[in-house]
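Chemist: Those protein sequences? They're chains W and R, same order as listed. Just add 11 to wherever you are in the first sequence, counting from 1, and you've got our numbering. Just add 11 to wherever you are in the second sequence, counting from 1, and you've got our numbering. Ideal placement from N, C-alpha and C gives every residue a C-beta, glycine not left out. Quick caveat: nothing in here was measured; it's all calculated off a predicted structure.
There are 2 protein chains.
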Amino acid sequence: MIVTPVDLEFDQPLALARGGQLERYQLRYETYGRLNADASNAVLICHALSGDHHAAGLHHPDDKKPGWWDHYIGPGKAIDSDKFFIVSLNNLGGCAGSTGPTSLNPQTGQQWGPDFPDLTVPDWVNAQARLADHLGIDCWAAVVGGSLGGMQALQWSIQLPQRIRHCVVIAAAPKLSTQNIAFNEIARQAIQRDPDYFNGHYQAQGTLPAGGLGLARMVGHVTYLSDQGLGSKFGRQRQADDQDLFQIESYLRYQAEQFTQRFDANTYILMTKALDWFDPAGAQPLDQVLAQAECHFHVISFSSDWRFSPERSVEIVDALIKAEQGVSYTCVETDHGHDGFLLPNEHYQASLGAYMNWIEVS
Amino acid sequence: MIVTPVDLEFDQPLALARGGQLERYQLRYETYGRLNADASNAVLICHALSGDHHAAGLHHPDDKKPGWWDHYIGPGKAIDSDKFFIVSLNNLGGCAGSTGPTSLNPQTGQQWGPDFPDLTVPDWVNAQARLADHLGIDCWAAVVGGSLGGMQALQWSIQLPQRIRHCVVIAAAPKLSTQNIAFNEIARQAIQRDPDYFNGHYQAQGTLPAGGLGLARMVGHVTYLSDQGLGSKFGRQRQADDQDLFQIESYLRYQAEQFTQRFDANTYILMTKALDWFDPAGAQPLDQVLAQAECHFHVISFSSDWRFSPERSVEIVDALIKAEQGVSYTCVETDHGHDGFLLPNEHYQASLGAYMNWIEVS
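#1: Would you list, in sequence order, the uninterrupted beta strand (DSSP E) runs of no fewer than 3 residues that lie entirely inside the segment 57–126 of chain R?
#2: Measuring alpha carbon to alpha carbon, tell me which of W:Tyr235, W:Lys75, W:Ala50, W:Pro185 ends up nearest aspartate 298 (chain W).
#3: Hey, is phenylalanine 289 (chain W)'s beta-carbon within less than 8 Å of any beta-carbon in chain R?
#4: If I measure Cβ to Cβ from tryptophan 317 (chain W) and keep anything under 7 Å in the same chain, skipping five residues before and after, which residues do I get?
#5: Kindly indicate the opening and closing residues of the alpha helix (DSSP H) around glycine 222 (chain R).
#6: Quick one, which of R:Thr15, R:Gln258, R:Asp253 has its alpha-carbon nearest glycine 246 (chain R)'s?
#7: Compute the distance between the beta-carbons of proline 112 (chain R) and phenylalanine 127 (chain R), then report whether it is under 8 Å.
#8: Look at the alpha carbon of proline 291 (chain R) and the alpha carbon of glutamate 357 (chain R), and state the distance between them as a whole number of angstroms.
#9: Mind checking the segment 189–201 of chain W against chain R and listing, in chain order, the residues whose C-beta falls within less than 7 Å of any C-beta there?
#10: When burial is assigned at 16 or more other CB atoms within 10 Å of the CB, is serine 243 (chain R) buried or exposed?
#11: Taking leucine 130 (chain W) and leucine 27 (chain W) to be in contact with their CB atoms under 8 Å, please state how far apart those CB atoms are, rounded to whole angstroms.
#12: Identify the residues that DSSP records as bridge partners of alanine 157 (chain R): which are they?
#13: Nearest to tryptophan 135 (chain W) by alpha carbon, out of W:Gln163, W:Arg176, W:Ser320?
#14: Which residues in the same chain have their Cβ closer than 7 Å to the Cβ of valine 132 (chain W), if we skip the five residues on either side of it in sequence?
#15: Along chain W, in chain order, which residues have C-beta atoms closer than 8 Å to that of phenylalanine 245 (chain R)?
#16: Restricting to runs no shorter than 3 residues, where is the beta strand (DSSP E) found entirely within the segment 238–275 of chain R?
#17: What residue from W:Cys342, W:Asp346, W:Glu371 has the CA that sits closest to serine 362 (chain W)'s CA?
#18: What residue does the beta strand (DSSP E) around histidine 145 (chain R) start on, and which one ends it?
#19: Expressed to the nearest angstrom, what Euclidean distance is found between the alpha-carbon atoms of histidine 64 (chain W) and tyrosine 235 (chain W)?
#20: Which bits of chain R does aspartate 238 (chain W) rub up against, with CB to CB less than 7 Å?
#21: Using DSSP's beta-bridge definition, name the partner residues of glutamate 20 (chain W).
#22: Closer than 8 Å by beta-carbon distance: list the chain W residues that pair up with arginine 204 (chain R), in chain order.
#23: Is it the case that the segment 216–229 of chain R contacts the segment 197–205 of chain R, given that we only count it when at least three CB pairs across the two stretches are under 8 Å?
#24: Consult DSSP for alanine 198 (chain W) and reduce its assignment to one of helix, strand or coil.
#25: Between which residues of its own chain and glycine 160 (chain W) is the CB-CB distance below 6 Å, once the five residues before and five after are set aside?
#26: With DSSP collapsed to three states, give me the class of threonine 341 (chain R).
#27: What first and last residue would you give for the alpha helix (DSSP H) that runs through glycine 358 (chain R)?
#28: So with Cβ pairs under 8 Å, would you call leucine 60 (chain R) a contact of chain W?
#29: Where valine 54 (chain W) and asparagine 368 (chain W) are concerned, what is the direct C-alpha to C-alpha distance, given to the nearest angstrom?
#30: Kindly indicate which three-state DSSP category tryptophan 167 (chain R) falls into: helix, strand or coil?
#31: Just grab the DSSP bridge partners of isoleucine 175 (chain W) for me.
#32: Short of 6 Å in beta carbon distance, which residues of its chain neighbour glutamine 248 (chain R), apart from the five on each side in sequence? Order them along the chain.
#33: Around the Cβ of proline 321 (chain W), are there at least 16 other Cβ atoms within 10 angstroms (buried) or fewer (exposed)?
#34: Nearest-angstrom Cα distance between aspartate 24 (chain W) and arginine 141 (chain W)?
#35: Indicate, with yes or no, if the ligand COA has a heavy atom lying under 7 Å from the CB of threonine 234 (chain W).
#36: Of all the options R:Gln269, R:Gly120, R:Ile327, R:Pro296, which has the alpha carbon lying nearest to the alpha carbon of alanine 215 (chain R)?
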């Protein structure tokens with residue numbers, strides 16, 4: 012499946028939940044499958060912290076890697092592009108083509124950098140709704156996402172209940188725990204303490220806070236994996252060429268290096284803040300807020316995920332039951348931790364596939 | 012209880028497990044209680060990663076805080092200084108008075124810094140044995156420690172089995188898991204990526220890698236606490252003077268700042284390496300190695316400790332049972348995580364106190 016991303020300009024101002032507005036912005040997205048006549052088969056894919064629009068297929072026949080969720084999206088796959096018209100975008104504030112901190116601020120002619128306005132999950136839902144408007148989609152057959160993407164799906168069900176028929180919330184939580192916030196803060200501190208960060212104005216200085224961003228990624232990476240999974244993969248094995256170096260040490264350094272080549276530090280800070288602030292229920296009970304939803308829900312968690320543990324998914328499921336909403340739930344047995352939501356797994360595929368298959372389109 | 016630390020010089024070379032030797036070195040230690048006539052009441056306290064010799068009592072009547080384990084050491088306490096002669100030292104390689112990276116290298120007249128030789132848990136046992144020799148202690152009534160201190164206690168039972176009658180291993184593991192090593196590596200990377208680290212020669216440059224050491228501490232700190240404990244203490248509360256700042260963020264920054272004022276970065280790296288390398292069984296089954304021990308064991312774990320979980324303590328207990336050694340075991344119910352081993356808890360106190368009370372002294 013060869014796909015080509017599309018850049019779409021929006022020139023109507025977008026008011027933002029934490030204040031201010033974006034006068035103009037661009038969203039980069041790609042689609043898989045065809046929209047049917049009554050636009051009843053559209054599925055929105057929402058990405059996680061460091062994800063992007065490229066969820067499936069290849070951009071070029073000689074690409075070495077397909078999109079990040081290619082195992083689950085495509086012809087005949089769990090999210091079947093023969094049945095659905097699947098839309099995947101880089102969120103506003105991202106660094107993969109949509110307007111974000113690395114874009115030029117039209118008022119200054121310089122990169123926005125740290126001055127890019129704060130974004131929240133509700134803002135993303137609004138931006139995604141405008142993309143739906145453009146594509147002629149009044150109501151999504153389903154909004155689907157993992158981790159921060161699952162939070163966007165959940166937010167859709169509350170914020171724009173008439174525009175979503177099915178909500179698939181994977182490896183998410185109704186809001187971050189203190190420990191979650193603590194790990195995000197460590198990541199931010201790692202970036203902000205890097206002398207090459209220059210309070211976010213590193214581009215103007217011709218530098219990159221690669222050391223700090225790499226550290227942030229290491230912290231994230233370890234918390235996305237399980238103790239058991241790390242043990243099975245690396246154990247206490249040493250590097251062949253350095254008996255003093257554990258393989259896990261070398262692996263983390265490599266992962267950090269790779270990440271800093273593809274991701275922007277200000278964007279990382281923006282995304283972790285959006286995660287921290289996500290709290291759709293606020294002071295209200297979650298079930299009362301979810302009572303507004305008009306869609307059916309499918310919730311999936313992963314047994315060894317300790318960043319967003321199965322208990323956090325069960326909080327969502329229990330609130331939905333209390334709100335008398337329709338909900339199905341699967342906890343997938345895996346030792347891949349939070350990363351399980353990205354990886355091939357038969358049970359996961361069966362659960363997601365069966366649910367998507369059950370969705371009616373005309 | 013007012014105590015005064017003692018500095019003791021050793022001028023016999025100490026050969027080190029990873030090569031090289033220390034020609035001369037100093038150990039700083041303090042003692043609580045009195046050694047009895049046949050020296051049968053001596054207890055060695057081994058400290059953890061960032062601990063020191065000051066385990067109990069006050070150095071000055073106006074000290075605001077007592078030693079780090081004062082709740083459990085003293086007259087009438089779980090480790091009773093009316094019964095025992097308790098010895099607590101700063102380990103070799105430390106930064107609280109014993110010879111370590113911040114000491115002068117006699118060959119250069121400069122701080123050792125990163126050139127201080129690698130140390131391991133077996134080296135600490137050897138150094139502690141020399142301190143025992145000096146104090147006239149042929150055999151410890153007990154060696155007691157938590158976390159990295161528990162690993163030293165375990166190592167004593169294997170390395171010098173005739174010199175220890177009771178071994179108390181608290182919140183420890185028979186060796187680090189991959190995840191444990193990963194978190195230690197992140198801490199080291201945080202320090203080493205700080206431009207003020209200068210490959211460890213920061214003292215010569217008149218700098219301190221405070222940013223990196225603070226980050227290392229934040230990572231450690233979060234992993235020593237439980238998700239539940241953090242949630243109970245901080246939840247999602249904001250700072251009174253900054254509604255954008257979660258209290259946990261402010262708390263972590265404060266903890267980092269405090270730590271960098273009292274701890275040395277090269278020492279932190281040395282200590283985490285000793286943790287990573289600890290592996291008394293190596294390629295052998297743990298029970299075969301523990302079969303060499305001649306002491307009785309007491310093992311304590313903490314229910315919400317995920318850095319060294321109860322399962323890791325049970326590995327030790329199961330190996331001891333298989334080796335037909337005497338062992339008792341308590342898992343203390345707490346939401347304080349790994350830090351539980353330092354904090355007041357009735358069940359913990361009862362378990363430790365009952366065991367120490369059961370030890371016979373003449």
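Modeler: So, to answer that:
#1: 96–100
#2: W:Pro185
#3: no
#4: Ser237, Gly348
#5: 221–235
#6: R:Gln258
#7: yes
#8: Roughly 32 Å between the two C-alpha positions.
#9: Within the segment 189–201 of chain W, the qualifying residues are Thr189, Gln190, Ile192, Ala193, Phe194, Glu196, Ile197, Gln200, Ala201.
#10: exposed
#11: 7 Å
#12: Before going further, note that residue 157 (chain R) is glycine rather than alanine in the sequence given. Paired residues: R:Ile181.
#13: That would be W:Gln163, whose Cα lies nearest to the Cα of tryptophan 135 (chain W).
#14: Met162, Gln163, Gln166, Ala285, Phe289
#15: Thr189
#16: Taking only runs of at least 3 residues, the beta strand (DSSP E) segments lying wholly in the segment 238–275 of chain R are 253–257.
#17: W:Cys342
#18: First-last for histidine 145 (chain R): 132–146, but that is the alpha helix (DSSP H), not the beta strand (DSSP E).
#19: 21 Å
#20: Ser188, Gln190
#21: W:Gln37, per the DSSP bridge assignment.
#22: Asp205, Gly222, Gly223, Gly225, Leu226
#23: yes
#24: helix
#25: Cys57, His58, Ala59
#26: strand
#27: Strictly speaking, residue 358 (chain R) in this sequence is histidine, with glycine absent from that position. Its alpha helix (DSSP H) spans residues 357–369.
#28: Cβ-Cβ to chain W under 8 Å: no for leucine 60 (chain R).
#29: 12 Å
#30: helix
#31: In DSSP, isoleucine 175 (chain W) forms a bridge with W:Trp151.
#32: Gln258
#33: buried
#34: Note on residue identity: the sequence assigns proline, not aspartate, to residue 24 (chain W). Their backbone Cα atoms lie some 11 Å apart in a straight line.
#35: Although the ligand COA was asked about, the structure shown includes no ligands whatsoever.
#36: Taking only the C-alpha atoms, the option nearest alanine 215 (chain R) is R:Gly120.
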